[in-house]
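Undergrad: Let me begin by handing over the structure; questions about it come next.
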Amino acid sequence: RLGDLAQSLDASDLAVGWYRRCLRSAPAYQPALEGLSRLLEAREDPEALLVMHRSDLAAAQTPRGKAQRLYRIATLLQRLERAPEAIEAHREAQAALPGFLPSSSALEHLFAQGGRWTELLQLYDEQLNRERDTDRVLHILETMAAIWHHQLGHLDNAIECYQRILSQDENNLRVIRTTARLCAEARRWDELQALSERETTLVQDPQRRAEILHRSGEVWEDRLHDLDRAIDAYQRALSQNPRYLPALRA
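Take 28 as the starting number for the sequence shown in the working numbering and just add one per residue.
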């Protein structure tokens, strides 16, 4: 009460002293923690706030309460540019309350900012195990695929992520084309052909179908050395556009 009175009289130094004396006797006393927190925030003193929030952690009575307190600690550590400690606090928050979204989001940012791609992928794997929303699952898988491809250069793992998307969203033309491009880069010709066939069934424009079928014919001819299937692909291309010159030449 003395701390509150001093704060109401704008005697902040005196209020801080009273709150701290209170917390020495009862470290988890919530009114004193809240009063001291307000004053330290106003002073923009993150180090002192950090000490206070660590004391406050002992007052947590539920997993959510513990996770929320650890999140506040982690946020302060981030402000102090102490990323490894912040990551550890966020991990503790997730251990206290699996799937705790504020810490999950913060860890995504910290891992990406620090180029800690393996840990970020592990975090996404954990999210996939809990996630039930299909759109969110597809978004996570596409993000993972981009990391495997662009950050780590692992084409096979990127392709696997895209294939998992297509197992749930089989007519996603954009993902089909991306996966086909990676299969070509990885020389996975049989899978490329299957994807090209799927793209052909989804595309409405005859000219575009002719282009896909011609490209498929080239793979049958040059990569898989199956001339019969190459001829069939070229003929199918001409059935879409009888004047399509690349197929006529082939």
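Cβ coordinates follow ideal geometry from the N, Cα and C atoms, glycine included.
Note that the structure is predicted; figures quoted are calculated from it, not measured.
1) Tell me the start and end of each unbroken alpha helix (DSSP H) in the segment 190-237 that is at least 4 residues and wholly inside, in chain order.
2) Sort G126, A94, S132 by Cα distance to A116 and report the nearest one.
3) In this structure, how does DSSP classify E108 when only helix, strand and coil are distinguished?
4) For L84, which residues in the same chain have their Cβ closer than 6 Å to its Cβ, ignoring the five residues on either side in sequence?
5) Excluding the 5 residues preceding and the 5 following Q234 in the sequence, name in chain order all residues of the same chain whose CB lies nearer than 8 Å to its CB.
6) For W247 and D253, what's the separation of their Cα atoms in angstroms?
7) Give the C-beta separation of L150 and E169 to the nearest angstrom, bearing in mind that I take them to be a contact with Cβ-Cβ under 8 Å.
8) For R279, collect the residues of the same chain with a Cβ closer than 7 Å to its Cβ; drop the 5 residues on either side in sequence, then sort them by chain order.
9) Can you tell me whether DSSP reads L84 as helix, strand or coil?
10) Tell me the DSSP secondary structure of P269 in three-state form.
11) Comparing alpha-carbon positions, which option in Q140, W175, S131, D162 lies nearest Q154?
12) Please state whether DSSP places D253 in a helix, a strand or coil.
13) Using CA coordinates, which residue listed in L124, L209, L147 is at the minimum distance from A88?
14) Please say whether A101 and A133 have beta carbons closer to each other than 9 Å?
15) Kindly indicate the opening and closing residues of the alpha helix (DSSP H) around A277.
TA: The short version:
1) Counting only runs of 4 or more, we get 200-212, 216-229.
2) Reading the sequence shown from its first residue, position 89 is the one you call residue 116. The shortest Cα separation from A116 among G126, A94, S132 belongs to A94.
3) Position 81 of the sequence shown, counted from the first residue, corresponds to residue 108. In the structure shown, E108 sits in coil (DSSP, three-state: anything other than H, G, I, E or B).
4) As a position in the sequence shown, residue 84 is number 57, starting the count at 1. Within the same chain, L84 has close Cβ partners R96.
5) Locating residue 234 in the sequence shown gives position 207, counting from the first residue. Once the five neighbours on either side are set aside, the close Cβ partners of Q234 are Q267, N268, Y271.
6) Sequence index remark: in the sequence shown, residue 247 carries index 220 (1-based). Sequence index remark: in the sequence shown, residue 253 carries index 226 (1-based). For W247 and D253, the distance between alpha carbons rounds to 5 Å.
7) On the sequence shown, position 123 is the one that residue 150 refers to. On the sequence shown, position 142 is the one that residue 169 refers to. Contact doesn't hold; Cβ gap of about 15 Å is too wide.
8) Outside the shown range of the chain, which is 28 to 277, sits residue 279, and nothing can be said about it.
9) For this step, residue 84 is matched to residue 57 along the sequence shown. The three-state reading of DSSP puts L84 in helix, counting H, G and I together.
10) For the purposes of this step, residue 269 is identified with residue 242 of the sequence shown, where counting begins at 1. Residue state, collapsed to three classes: coil.
11) Stepping through the sequence shown from its first residue, residue 154 is reached at position 127. Taking only the C-alpha atoms, the option nearest Q154 is S131.
12) Counted from its first residue, the sequence shown places residue 253 at position 226. Note: D253 maps to coil in three-state DSSP.
13) Residue mapping note: residue 88 aligns to position 61 of the sequence shown, counting from 1. Checking the sequence, you will find Gln at residue 88 rather than Ala. Across the set L124, L209, L147, the C-alpha of L124 shows the shortest separation from the C-alpha of Q88.
14) Within the sequence shown, numbered from 1, the residue matching residue 133 stands at position 106. Within the sequence shown, numbered from 1, the residue matching residue 101 stands at position 74. Yes.
15) Position 250 of the sequence shown, counted from the start, is the residue given in the question as residue 277. Taken as a continuous stretch (DSSP letters only), A277 belongs to no alpha helix (DSSP H), as it is neither H nor E.
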